[in-house]
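Top to bottom, those sequences are chains A and B. Each residue of the first sequence is one higher than the one before, counting from 1 in the UniProt record's numbering. Each residue of the second sequence is one higher than the one before, counting from 1 in the UniProt record's numbering. C-beta atoms are modelled at their ideal positions from N, C-alpha and C, and glycine is treated no differently. Beneath this line is the structure, given in structure tokens, with notes to follow.
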Amino acid sequence: MFGGQDSKQHTVQPYVTGTSVIGLKCADGVVLGADTLVSYGSLAKNRKTSRLMTVSNHCSLGFSGEYSDFQEIKSTLEELMISEYCMADNIPMQPRAIHQYLARVMYEARNKQDPLYNQLVIGGVLPATGEGYLGLVDLLGTNYESEMIATGYGTYIALPLLRKAYRPDITVAEGRKVIEDCLRVLYYRDARSIDTVQISTVTKEGAETTEPFKLETSWDFKKFKAGSRLIDESTW
Amino acid sequence: MSICSGYVWLFTRSSARFESAIRRLKADVFVLRFLNYSICLFFCSQTSIMAVVYDGGVILGADSRTTTGSYIANRVSDKITPITEKVFCCRSGSAADTQAISDYVRYYISMHALEIGEEPKVATVGKMFRLICYRNKANLLAAIICAGYDKHEGGQVRVERQYLLAFEQVLSLCLACRSTV
Numbered sequence: 001m002f003g004g005q006d007s008k009q010h011t012v013q014p015y016v017t018g019t020s021v022i023g024l025k026c027a028d029g030v031v032l033g034a035d036t037l038v039s040y041g042s043l044a045k046n047r048k049t050s051r052l053m054t055v056s057n058h059c060s061l062g063f064s065g066e067y068s069d070f071q072e073i074k075s076t077l078e079e080l081m082i083s084e085y086c087m088a089d090n091i092p093m094q095p096r097a098i099h100q101y102l103a104r105v106m107y108e109a110r111n112k113q114d115p116l117y118n119q120l121v122i123g124g125v126l127p128a129t130g131e132g133y134l135g136l137v138d139l140l141g142t143n144y145e146s147e148m149i150a151t152g153y154g155t156y157i158a159l160p161l162l163r164k165a166y167r168p169d170i171t172v173a174e175g176r177k178v179i180e181d182c183l184r185v186l187y188y189r190d191a192r193s194i195d196t197v198q199i200s201t202v203t204k205e206g207a208e209t210t211e212p213f214k215l216e217t218s219w220d221f222k223k224f225k226a227g228s229r230l231i232d233e234s235t236w
Numbered sequence: 001m002s003i004c005s006g007y008v009w010l011f012t013r014s015s016a017r018f019e020s021a022i023r024r025l026k027a028d029v030f031v032l033r034f035l036n037y038s039i040c041l042f043f044c045s046q047t048s049i050m051a052v053v054y055d056g057g058v059i060l061g062a063d064s065r066t067t068t069g070s071y072i073a074n075r076v077s078d079k080i081t082p083i084t085e086k087v088f089c090c091r092s093g094s095a096a097d098t099q100a101i102s103d104y105v106r107y108y109i110s111m112h113a114l115e116i117g118e119e120p121k122v123a124t125v126g127k128m129f130r131l132i133c134y135r136n137k138a139n140l141l142a143a144i145i146c147a148g149y150d151k152h153e154g155g156q157v158r159v160e161r162q163y164l165l166a167f168e169q170v171l172s173l174c175l176a177c178r179s180t181v
């Protein structure tokens, strides 16, 4: 009745989706950023969803892709964190461990031809040293670790900007500004995004996700403000 | 360019004119009626354009986004285009098609204005749009609102469409079918 062996379900396409998530590894932590929109095709369905999740004190996660599959992953991770807590061994789970765990989960679902239709960005710090860790898992189970990560339109638009801004000694405060700039460009150029965003920073002190805030955007173009004139050669 | 479509809900008071406009629409409309009101659901392009007649003239409005699929190709596009000094048009549909159409109309109407020696009528400009769009309908994806002021009939809005809902006196909403400007 609840699915499983008798009903063969194959996820063919996502319905309610989140757009890009971006992340940057800094010298003293990581910064993740995402907007707060889930779309239903071209409809902006929920403009106040949180696409960033704090997994543990040292790890944050952002999703893009199907919202319902992320909700499954969220409860799976919460169960994982509860069982970690119950072990009571004072050994916090490394972000790499969470990353690889999710990679297994995604790969297993993919092998059943029923993928969890998400690209997940996992950002965390090594609890001992405070060194940042940033990785991606996608719906096929592809997983890798990098200094800068982006999904969706972010790979085309934000990743070059992140690569340009990256320095090995970049701080979380500077990284936050870079992420915000990238989110702004994504809002300008991705038709499935909005200007309300959230930024998650993970440092040795802990993981925190900001409240959703509105990006400042600029529409200050001379010709745009002036409007078309009759003597213009053509329209645009 | 890929095709994408969205939805518009319209909630309005029913009237004979409204009902006849709805009946003229062949497809892509879903109508709920209760009491004196009707709710309609239309397919529409990503573009929102509108024009309103008021005492003294017309006001035209348009959004500024041009997309190729879900990439915003131009976020500051100007979809309100002058045809003459007192007649403008709002363009939606394929950007290339509507630009070409409005360029042609501007050219022919400027000739016409020279011939009659005065400002052309909005009706004439609207008719010119219609001629071009109708005769080339197999090759065009365009829905254009033509609005302006002339001294004979004041402010007017003329709509060129494949799907149309018109309250000519008050408000015109133009809905292009399955296009991306």
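Practice task
Anything in the region 174-204 of chain A with a Cβ closer than 8 angstroms to a Cβ of chain B? List those residues in chain order, please.
Solution key: Tyr-188, Arg-189, Asp-190, Ala-191 and Arg-192
Problem - Contact list for Arg-229 (chain A) against chain E, beta-carbon separation under 8 angstroms - result: Structure shown: chain E not included; protein chains present are A and B.
Practice task
Starting from Pro-160 (chain A), follow the alpha helix (DSSP H) in both directions and report where the run begins and ends.
Solution key: 154-165
Practice task
Tell me, please, whether the CB atom of Ser-20 (chain A) is closer than 8 angstroms to any CB atom in chain B?
Solution key: no
Problem - chain B contact for Phe-221 (chain A) (CB, 8 angstroms cutoff) - result: yes
Practice task
Identify, in the order they occur along the chain, each residue of the same chain with its Cβ nearer than 7 angstroms to the Cβ of Met-93 (chain A), setting aside the five sequence neighbours on each side.
Solution key: Only Ser-56 and Glu-84 meet the Cβ criterion.
Practice task
Would you mind working out which of A:Tyr-153, A:His-99 and A:Pro-95 sits nearest Thr-129 (chain A), comparing C-alpha positions?
Solution key: Checking every option, the nearest Cα to that of Thr-129 (chain A) belongs to A:Pro-95.
Practice task
Could you please give me the residues that DSSP links to Arg-91 (chain B) through a beta bridge?
Solution key: B:Ile-144
Problem - Beta carbon proximity, Tyr-149 (chain B) to chain A, threshold 8 angstroms - result: The Cβ of Tyr-149 (chain B) sits no closer than 8 angstroms to any Cβ of chain A.
Problem - Endpoints, beta strand (DSSP E) assigned at Phe-63 (chain A) - result: Looking at the DSSP string, the run of the beta strand (DSSP E) that includes Phe-63 (chain A) is 59-66.
Problem - Residue of A:Ala-88, A:Leu-162, A:Leu-215 and A:Glu-145 minimising C-alpha distance to Val-197 (chain A) - result: A:Leu-215
Exercise for the section: Under 8 angstroms between beta-carbons, which chain B residues line up against Phe-224 (chain A)? List them in chain order, please. Expected result: In chain order: Ser-64, Val-76 and Asp-78.
Problem - Distance between Gly-41 (chain A) and Gly-123 (chain A) (C-alpha atoms, nearest Å) - result: Spanning the two alpha carbons is a distance of roughly 28 angstroms.
Handout entry: Check whether Val-202 (chain A) and Val-21 (chain A) have beta carbons under 8 angstroms apart
Key = no
Practice task
Using only alpha-carbon positions, find the residue among A:Val-172, A:Asp-114 and A:Ser-193 that is nearest to residue 237 (chain A).
Solution key: The shown model of chain A, from 1 to 236, leaves out residue 237 (chain A), and the question about it has no answer.
Practice task
Consider the Cβ of Glu-85 (chain B): report whether some Cβ of chain A lies at a distance smaller than 8 angstroms.
Solution key: yes
Practice task
Please check the pair Ser-64 (chain A) and Thr-36 (chain A), which I expect to be a contact at CB under 8 angstroms, by giving their CB distance rounded to whole angstroms.
Solution key: Rounded, the Cβ-Cβ distance is 13 angstroms, inconsistent with contact.
Problem - Top-ranked residue by Cα proximity to Leu-126 (chain A), from A:Tyr-188, A:Leu-43 and A:Lys-204 - result: A:Lys-204
Problem - Beta-ladder partner(s) of Lys-45 (chain A), from DSSP - result: In the DSSP output, where bridge partners are listed per residue, Lys-45 (chain A) has none listed.
Practice task
Count the other CB atoms, across all protein chains shown, that sit within 10 Å of the CB of Phe-221 (chain A); report buried if there are 16 or more and exposed otherwise.
Solution key: exposed
Problem - Closer than 9 angstroms at the beta carbon, the chain A residues around Gln-46 (chain B) - result: Ser-42 and Ala-191
Practice task
Can you have a look at Cys-40 (chain B) and say buried or exposed, based on whether 16 or more other CB atoms are within 10 angstroms of its CB?
Solution key: Bear in mind that a pLDDT of 48 at Cys-40 (chain B), under 50, signals an unreliable position, so the number given afterwards is only what the model happens to contain. By the neighbour-count rule (16 or more Cβ atoms within 10 Å), Cys-40 (chain B) is buried.
Exercise for the section: List the residues of chain A that Ser-70 (chain B) touches, going by C-beta distances under 8 angstroms, in chain order. Expected result: Ser-42, Tyr-153, Asp-190, Ala-191 and Arg-192
Practice task
List the residues of chain A whose Cβ lies closer than 8 angstroms to the Cβ of Thr-67 (chain B), in chain order.
Solution key: Ala-191
Exercise for the section: Return helix, strand or coil for Ser-83 (chain A), following the three-state DSSP convention. Expected result: helix
Practice task
Would you give the residue range spanned by the beta strand (DSSP E) that Gln-100 (chain A) belongs to?
Solution key: From DSSP, Gln-100 (chain A) is part of no beta strand (DSSP E) but of the alpha helix (DSSP H) over 95-111.
Handout entry: Backbone CA spacing between Lys-177 (chain A) and Val-125 (chain B) [nearest angstrom]
Key = Going from the Cα of Lys-177 (chain A) to the Cα of Val-125 (chain B) covers about 51 angstroms.
Exercise for the section: Would you please state the rounded distance, in angstroms, between the beta carbons of Ile-109 (chain B) and Ile-83 (chain B)? I believe it to be under 8 angstroms. Expected result: 6 angstroms
Problem - Segment contact flag, the region 90-106 of chain B with the region 122-137 of chain B, C-beta cutoff 8 angstroms, min 3 pairs - result: yes
Handout entry: Val-185 (chain A), enclosing alpha helix (DSSP H) - first and last residue
Key = 172-189
Problem - Pair within 8 angstroms by beta-carbon distance, Pro-212 (chain A) and Lys-48 (chain A) - result: yes
Problem - Phe-129 (chain B), DSSP secondary structure in three states - result: helix
Exercise for the section: Pull up the DSSP beta-bridge partners for Thr-68 (chain B), would you. Expected result: B:Tyr-71
Problem - Where Val-12 (chain A) falls, given that 16 or more other Cβ within 10 Å makes a residue buried - result: By the neighbour-count rule (16 or more Cβ atoms within 10 Å), Val-12 (chain A) is not buried but exposed.
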